[in-house]
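Here is the structure we will look at, set down as structure tokens.
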Amino acid sequence: MIPRIYIPGDSGALALGAEKVAKAVRAELAERGIEAKIVRNGSRGAYFLEPMVEVATATGRVAYGPVKPSDVKSLFDCGFLTGGHHKRWLGAPDKIPFLARQTRLTFARCGVTDPLSLDHYKAHGGLNGLQNAVAMTPSDIVKQVTESGLRGRGGAGFPTGIKWKTVLDTSADRKYIVCNADEGDSGTFADRMIMEGDPFVLIEGMAIAGIATGATKGFIYIRSEYPHAVAVMQKAVEIARRAGVLGVNVLGSPNSFDMEVRVGAGAYVCGEETALLDSLEGKRGQVRAKPPLPAHKGLFGKPTVINNVISLASVPVIMDKGAAFYKDFGMGRSRGTIPIQIAGNVKYPGLYEAAFGMTLGEIVDDIGGGAATGRPVKAVQVGGPLGAYFPRALFDTPFDYEAFAAKDGLIGHAGIVVFDDSADMLKQARFAMEFCAIESCGKCTPCRIGSTRGVEVLDRLAENIEPEKQIALVTDLCNTMKFGSLCALGGFTPYPVMSALNHFPDDFRPTPVAEAAE
Ligand SMILES: Cc1cc2nc3c(=O)[nH]c(=O)nc-3n(C[C@H](O)[C@H](O)[C@H](O)COP(=O)(O)O)c2cc1C
Ligand code: SF4
């Protein structure tokens with residue numbers, strides 16, 4: 025059997041040099057006259073080990089990483105094609121502690137299989153969920169998803185089954201499934217990773233959603249900053265169509281479902297579901313007032329399921345193994361697993377899929393290894409640019425929608441960005457207001473005007489001009505934005521601002537220049 029070498033084609037790994045490594049491996053194979061198959065797999069998500077190269081040996085896969093092009097010659101000298109020892113040797117990938125401790129349900133195949141091999145996908149449990157779904161009634165599928173406890177992974181945590189039921193119960197000549205792959209939150213990359221590393225799981229999830237609700241057409245709306253994900257998804261859709269996974273008779277059943285990939289031009293607000301629908305319709309992405317809900321009147325005025333990539337990609341395992349299996353993981357009303365994306369100033373950045381319930385401290389200190397700089401961790405922003413900053417004092421908060429809400433925070437898309445003690449939280453609060461001002465769609469006053477006034481107030485605070493007055497002003501402004509904004513961009517910007525102010529008050533009262541000089 026010819027040797028098989030896995031070199032990730034994932035864009036995170038590419039950014040770390042995977043393409044140069046692949047080139048060096050190809051050159052070395054040619055020079056040594058060795059025939060081998062190079063598979064461009066996805067990433068397993070341990071980015072501190074990327075580019076992580078794996079070889080299939082008689083006793084299983086052996087990983088090496090992070091591999092530099094300059095390592096390649098010596099890897100061959102050490103016999104890496106049969107798992108030989110080398111300074112980059114990591115052993116069996118699933119024994120690497122960062123990976124071994126995870127519960128991989130949604131990301132089970134990511135980094136393992138060839139992303140564009142449908143045979144590989146099937147050999148690793150792919151399409152089992154869809155096979156089951158085509159044999160069920162739509163309402164039974166919806167029931168199973170509802171019972172699994174799956175909640176939207178895009179940010180709001182809305183129960184997926186209930187959303188699907190609303191679309192199922194709304195009669196119309198045409199319905200749509202829209203996958204939200206705009207992934208604009210800071211420090212998040214789960215959607216990108218799964219689209220690049222296991223695209224068929226998303227296609228399978230969308231096809232199940234279509235059959236469950238009576239929708240025959242799907243759109244995946246991907247941000248333009250994800251060219252690799254766009255290319256992989258487009259190819260995967262074609263492959264799935266040719267294989268009869270998509271089309272007029274899904275897996276030979278009477279159900280019809282097909283889909284297209286659409287690329288967004290790049291605006292944070294286009295991740296908001298109604299702005300996304302406007303953008304998909306070819307209009308400027310601006311938030312729509314609700315009601316009507318997209319489930320009643322969505323894309324082109326038709327009933328539409330709009331779900332995040334991870335919500336949809338979690339459905340196949342639920343339909344394969346059952347609602348009870350999935351529901352068994354997690355805590356409280358947060359069921360199943362969540363792919364936590366650990367980023368920022370952290371020693372071990374990467375994607376960590378685990379059942380809900382780990383504490384923030386475990387994630388940051390044990391899994392993430394603390395700050396990459398070796399300095400103490402000061403704050404962690406959870407849930408993207410609209411998420412709260414959590415101080416160490418709140419590190420006992422379990423990763424759970426309700427527990428975070430109780431501490432005035434949110435889980436969002438489960439991205440966490442770590443800051444060490446050199447972070448200036450007043451600057452971070454200003455950044456939140458500035459971000460909102462830049463990204464605001466302009467439809468409502470509290471967000472459009474409030475965010476700009478917020479920047480000005482925080483600038484005056486930084487200059488120490490009547491600090492108590494500015495703090496009162498920004499607090500009042502945040503209340504107006506929170507309760508008066510039409511969508512969560514303006515409505516949630518107060519979370520990072522007020523959490524920074526409440527948890528790090530010293531940063532908001534700069535020492536007067538004269539005092540500091542004494
Ligand atoms: C400003 C803003 C940006 C958002 N960006 C995204 C995004 O990039 N991806 C996403 O899935 N949801 C995003 N959301 C949430 C969506 O509006 C919506 O709740 C989600 O797509 C529903 O899917 P889910 O129930 O599967 O989470 C955003 C919301 C707001 C207010
Ligand atoms: S809160 Fe901001 S982004 Fe949302 S509708 Fe209002 S102006 Fe637009």
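Residue numbers (my numbering): 25 to 542.
Ideal placement from N, C-alpha and C gives every residue a C-beta, glycine not left out.
Here the structure is a predicted model, which is why all the values come from computation and not from measurement.
Rounded C-alpha distance that separates residue i from residue j
| i | j | result |
| --- | --- | --- |
| Asn503 | Ile201 | 35 Å |
| Tyr350 | Gly394 | 30 Å |
| Ser141 | Thr161 | 29 Å |
| Ser195 | Ala231 | 19 Å |
| Val341 | Leu525 | 42 Å |
| Asp344 | Ser338 | 10 Å |
| Gly271 | Val333 | 21 Å |
| Thr106 | Tyr30 | 13 Å |
| Gly478 | Leu301 | 29 Å |
| Gly36 | Arg68 | 11 Å |
| Pro278 | Arg175 | 29 Å |
| Glu74 | Pro90 | 5 Å |
| Lys451 | Gly153 | 47 Å |
| Ile489 | Ala453 | 17 Å |
| Val329 | Ala396 | 40 Å |
| Ser523 | Ala82 | 53 Å |
| Ser303 | Gln310 | 8 Å |
| Leu226 | Glu492 | 51 Å |
| Phe528 | Met449 | 7 Å |
| Phe182 | Pro518 | 21 Å |
| Gly135 | Val481 | 47 Å |
| Ala313 | Asp445 | 41 Å |
| Ala347 | Gly229 | 15 Å |
| Val86 | Ala124 | 14 Å |
| Glu542 | Glu249 | Confidence at Glu542 is low in this model, with a pLDDT of 48, below 50, so its placement is unreliable and the value that follows should be read with caution. One C-alpha to the other measures close to 49 Å. |
| Leu434 | Pro520 | 10 Å |
| Asn65 | Asp483 | 47 Å |
| Arg56 | Met25 | 17 Å |
| Ser475 | Cys460 | 6 Å |
| Ala233 | Leu336 | 8 Å |
| Gly514 | Ile462 | 11 Å |
| Thr184 | Gly288 | 24 Å |
Residues bridged to residue i [DSSP beta-bridge criterion]
| i | result |
| --- | --- |
| Cys511 | Note: Cys511 sits in no beta bridge, so no partner. |
| Thr361 | Ala379 |
| Met355 | Ser358 |
| Lys61 | Arg28 |
| Asn331 | Cys203 |
| Tyr71 | DSSP lists no partner for Tyr71. |
| Tyr88 | Val77, Trp113 |
| Gly374 | Ala70, Ile366 |
For the segment 233-287, which segments carrying the beta strand (DSSP E) assignment without a break, of at least 3 residues, lie completely within its bounds, in sequence order?
Complete beta strand (DSSP E) runs here, min 3: 241-247.
Does the pairing of the segment 456-468 with the segment 239-250 give three or more beta-carbon distances under 8 Å?
Taking 8 Å as the limit for Cβ pairs, the verdict is that the segment 239-250 does not touch the segment 456-468.
With contact counted as at least three CB pairs below 8 Å, one residue from each stretch, are the segment 110-129 and the segment 41-56 in contact?
Look at the beta carbons and you see the segment 110-129 not touching the segment 41-56: under three pairs across the two are nearer than 8 Å.
Kindly confirm or deny that the segment 345-365 and the segment 129-141 touch, where touching means at least three C-beta pairs closer than 8 Å.
yes
Flag this pair as touching only if the segment 492-501 and the segment 416-433 have three or more C-beta atom pairs under 8 Å; answer yes or no.
no
Where in the segment 389-432 do unbroken runs of the alpha helix (DSSP H), each at least 4 residues long, occur, reported from the N-terminal end onward?
425-430
Touching or not, the segment 144-162 and the segment 379-393, by the rule of three or more beta carbon pairs under 8 Å?
no
Can you list the alpha helix (DSSP H) stretches of 4 or more residues lying completely in the segment 439-469, in chain order?
The segment 439-469 contains these whole alpha helix (DSSP H) runs: 449-463.
Fully enclosed by the segment 171-214, which alpha helix (DSSP H) runs are 4 residues long or longer?
184-193
Between the segment 248-264 and the segment 366-378, are three or more C-beta pairs nearer than 8 Å?
no
The segment 429-446 contacting the segment 204-218, beta-carbon criterion three pairs below 8 Å:
yes
For the segment 297-328, which segments carrying the alpha helix (DSSP H) assignment without a break, of at least 4 residues, lie completely within its bounds, in sequence order?
Every unbroken stretch of the alpha helix (DSSP H) spanning 4 or more residues and falling wholly within the segment 297-328 is given here in chain order: 297-304.
Taking only runs that begin and end inside the segment 127-163, name each unbroken beta strand (DSSP E) of 3 or more residues, in chain order.
Under the rule that a run must span 3 or more residues, no beta strand (DSSP E) segment is found entirely inside the segment 127-163.
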